[in-house]
Amino acid sequence: MRRRNGRWAMATRWSPPPPAPRSLRCKTDPFRTHPRRRRHDPTLIDQVMAVRVLIDRPALRTALTERGMSLSDDAAATVVVAHAGALSDARRCCPDARLLAVAHDEAEELAAFAAGADDVARGSDALVSLRAARLLMAGDTMVRVGSLRIDRLTRTAVRGGRMLRLLPREYALLELLARHAGTTVDHATLRRMLFGLPFDPGTNVLAVHVSRVRAVLHRGFAQPMLLTERGRGYRLIADDG
Numbered sequence: 001m002r003r004r005n006g007r008w009a010m011a012t013r014w015s016p017p018p019p020a021p022r023s024l025r026c027k028t029d030p031f032r033t034h035p036r037r038r039r040h041d042p043t044l045i046d047q048v049m050a051v052r053v054l055i056d057r058p059a060l061r062t063a064l065t066e067r068g069m070s071l072s073d074d075a076a077a078t079v080v081v082a083h084a085g086a087l088s089d090a091r092r093c094c095p096d097a098r099l100l101a102v103a104h105d106e107a108e109e110l111a112a113f114a115a116g117a118d119d120v121a122r123g124s125d126a127l128v129s130l131r132a133a134r135l136l137m138a139g140d141t142m143v144r145v146g147s148l149r150i151d152r153l154t155r156t157a158v159r160g161g162r163m164l165r166l167l168p169r170e171y172a173l174l175e176l177l178a179r180h181a182g183t184t185v186d187h188a189t190l191r192r193m194l195f196g197l198p199f200d201p202g203t204n205v206l207a208v209h210v211s212r213v214r215a216v217l218h219r220g221f222a223q224p225m226l227l228t229e230r231g232r233g234y235r236l237i238a239d240d241g
């Protein structure tokens, strides 16, 4: 307060207006951040590389999520956890996934390896989740589809020697399609794996992201790689490179 003409008056000081409410920002795309605030989202790789559990053990699901893994109930999972005696069913539902068998004794462990399991775990849910995490990041870190090269460690994509400049979610979309190259990935799977949406929100957010990836992937090349299967989903095919 300041004294003016023998009276005390409240001093006024200019202050900037408050920022707009968070709900009013980026109204056109709820999944897009401000250009100056775009950062790598470490959860995207977990959403793309998900685990499917074919065992009725809620504690195991909890242990997997506590270790930072994303759970999935479709064929796009990267790792499948199943009983040692049910590997044939696991391979049938997720033919491209890595198999982690849960065994009770040494005989089941040996039988699981003989049946083609990538790894076998015996013990507590915490131990099984640890083996699943190691298996999730195991294998070849490079995904190759024609002239397209995707490095899962550096999260970069190159086509024909040219670096593709992609935002984190666009990269996650391309990697998911590349890991299932030649097959159609349906809309529901893409929405669930990329955005965590178990339903159709009634927006074109998925189509917008696909359009951005297609523009970057096809720019400067005569042969397209990202195809639209109308009414079904999207499919990535190899080019002649």
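Note that the sequence shown covers residues 1 to 241 in UniProt numbering. A virtual CB, placed ideally from N, CA and C, is assigned to each residue, including glycine. If you're wondering where the values come from, they're calculated on a predicted model, not measured in any experiment.
| Check | Outcome |
| --- | --- |
| Take Gln223 and list the residues in its own chain whose beta-carbon comes closer than 7 Å to its own, dropping the five residues that flank it on each side. | Asp239 and Asp240 |
| Do Leu110 and Leu99 come within 7 Å of each other at the CB atom, strictly closer than that value? | no |
| Check whether the Cβ atoms of Ser129 and Leu64 sit closer than 7 Å, and answer yes or no. | yes |
| Using a Cβ-Cβ cut-off of 7 Å (strictly less than) and excluding sequence neighbours within five positions of Val143, which residues of its own chain qualify? | Ile150, Arg152, Glu175, Ala178 and Arg179 |
| Counting only runs that start and end within the region 87 to 140, where is the beta strand (DSSP E) found for 3 or more residues in a row? | 98 to 102 and 119 to 121 |
| Quick one: Cα of Glu108 to Cα of Arg230, how far? | 45 Å |
| Please classify Thr65: does DSSP put it in a helix, a strand, or coil? | helix |
| Pop quiz: Ala77 and Ala50 are said to be a contact at Cβ under 8 Å. What is the actual Cβ separation, rounded to whole angstroms? | 5 Å |
| Within 10 angstroms of its Cβ, does Ala114 collect 16 or more other Cβ (buried), or is it exposed? | exposed |
| For residue 251, I'd like the list of residues in its chain whose CB is within less than 8 Å of its CB, leaving aside the five on either flank, ordered along the chain. | Any property of residue 251 remains undetermined from this structure, which presents the chain solely from 1 to 241. |
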